[in-house]
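*Asks:* The C-terminal residue of the sequence shown carries number 538 in our numbering, and the numbering is unbroken.
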Amino acid sequence: MEGYKWHFNETVLTVWSAPNYCYRCGNVAAILELDEQLNKDFTIFEAAPQENRGAPAKKPQPDYFL
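1. Going by DSSP in three states, D535 sits in which element: helix, strand or coil?
2. Between the alpha carbons of Q533 and I516, how many angstroms are there, rounded?
3. State the start and end residues of the unbroken beta strand (DSSP E) segment that holds L485.
4. Since Y476 and V487 are thought to touch, with beta carbons under 8 Å apart, how far apart are those beta carbons, to the nearest angstrom?
5. Out of H479, E474, F480, which has the shortest C-alpha to C-alpha gap to P491?
6. Could you check the C-alpha separation between E482 and F514 for me, to the nearest Å?
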């Protein structure tokens, strides 16, 4: 996937905001910016390298969930 895809003679646009969704899709992502005249500017980006991904810090669960 290329980060975005036009449909129906460019009347509908799908923008993927999660690169390599679920670590298995291999897609890139995009950000669409529109100016005052509705000119389009796409920024395409790939997933971060595996070594740069961090796991969220584990927080202890409150007692009321135990």
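No residue lacks a Cβ here, since even glycine has one placed at the ideal position from N, Cα and C. All of these numbers come straight from a predicted model, not from anything done at the bench.
*Replies:* According to the structure data:
1. Mapped onto the sequence shown, residue 535 falls at position 63. Helix, per DSSP.
2. Residue numbering aside, residue 533 sits at position 61 when the sequence shown is read from its first letter. Residue numbering aside, residue 516 sits at position 44 when the sequence shown is read from its first letter. Straight-line Cα distance between these residues: approximately 38 Å.
3. Here residue 485 corresponds to residue number 13 of the sequence shown, with the count starting at 1. 484-487 is the extent of the beta strand (DSSP E) around L485.
4. Along the sequence shown, one-based indexing puts residue 476 at 4. Along the sequence shown, one-based indexing puts residue 487 at 15. About 5 Å; that satisfies the 8 Å criterion.
5. Looking up residue 491 in the sequence shown gives position 19. Residue E474 is the option with its Cα nearest to P491.
6. Mapped onto the sequence shown, residue 482 falls at position 10. Mapped onto the sequence shown, residue 514 falls at position 42. Those two C-alpha atoms are separated by around 15 Å.
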